[in-house]
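> Residue numbers (the numbering used here): 316 to 508. Pasting in a structure now, in structure tokens, and then I'll have a few things to ask.
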Ligand SMILES: [Zn+2]
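Here it is in structure tokens:
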């Protein structure tokens, strides 16, 4: 399965969507309407997804492996996430496993907690962050001229320059912190706001 199809399945799982092969078609059930962009990607990846779903057991293992690989936590939690999506207690388990891994490589308790929280911020953003608007700078939200000099970020976003980069970073981190706070997870003490 291609990386794009894996990412797509992980994204659908995270949204609580269930996808089944029904004859030669895909049956998609989701708690909320899916975006046109996402549906288009499902359509494009249909042959690949159908092929993967024709071996359901293998597909489940693969889905769990993807999530485990992405997040680096234990297989049983990854397996449950593959089926059910992330809940507050899953985030807590993820945080404590991430912190435990850091303590094993020598971080003290505070360092490990701060590292885990920072990783959770990035993870939350990857899962729930605002979708990129093509042709628009996520820093200042003004249009971006692809031919002009822009800063290309690892996630594929393009910003006008460092001030827009800083603005964008502050915005998504704050959105992620709010998202985690909504699940009852707050920043560890000693962490710069
Ligand atoms: Zn900008």
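The beta carbon of each residue, even a glycine, is placed where N, CA and C say it ideally should be.
1. Output the distance between the C-alpha atoms of residue 481 and residue 363, rounded to the nearest integer angstrom.
2. Could you tell me which residues DSSP pairs with residue 304 in its beta bridges?
3. In chain order, what residues place their C-beta within less than 6 Å of a heavy atom belonging to ligand 1?
4. Who are the near neighbours of residue 460 in its chain, counting only those whose CB is closer than 8 Å to its CB and skipping five residues on each side?
5. Scan the stretch 338 to 366 and note each continuous beta strand (DSSP E) run of 3 residues or more that stays entirely inside, going in chain order.
6. Looking at the strands, I want to know which residues DSSP matches up with residue 535.
7. Take residue 278 and list the residues in its own chain whose beta-carbon comes closer than 8 Å to its own, dropping the five residues that flank it on each side.
8. According to DSSP, residue 474 sits in a beta bridge with which residue or residues?
9. For residue 473, does the count of other Cβ atoms within 10 angstroms reach 16, so buried, or fall short, so exposed?
10. By DSSP, does residue 373 sit in helix, in strand, or in coil?
11. What does the Cβ neighbour count give for residue 344, buried or exposed, with the cut at 16 atoms within 10 Å?
12. Looking at residue 424 and residue 494, is the spacing between their C-beta atoms short of 8 Å?
13. Excluding five sequence neighbours on each side, which residues of the same chain lie with their C-beta closer than 7 Å to the C-beta of residue 283?
14. Give the secondary structure of residue 441 by DSSP, where H, G and I count as helix, E and B as strand, and everything else as coil.
15. Alpha carbon to alpha carbon, how far is residue 358 from residue 420?
16. Quick one: what does DSSP say residue 320 is sitting in, helix, strand or coil?
17. Which residue from 500, 322, 449, 348 puts its Cα closest to that of residue 432?
Once the coordinates are examined:
1. 38 Å
2. Examination of residue 304 is not possible in this model, given that the chain is present from 316 through 508 alone.
3. 452, 454, 455, 457, 474, 475, 479
4. none
5. 340 to 344
6. What the structure shows of the chain is the stretch from 316 to 508, and residue 535 is not part of that stretch, so it cannot be assessed.
7. Lying outside 316 to 508, the shown extent of the chain, residue 278 is not represented and no answer is given.
8. 466
9. buried
10. Confidence at residue 373 is low in this model, with a pLDDT of 47, below 50, so the placement of that residue is unreliable and no value is reported for it.
11. exposed
12. no
13. Only positions 316 to 508 of the chain appear in the structure, and residue 283 is not among them; the question remains open.
14. helix
15. 44 Å
16. helix
17. 500
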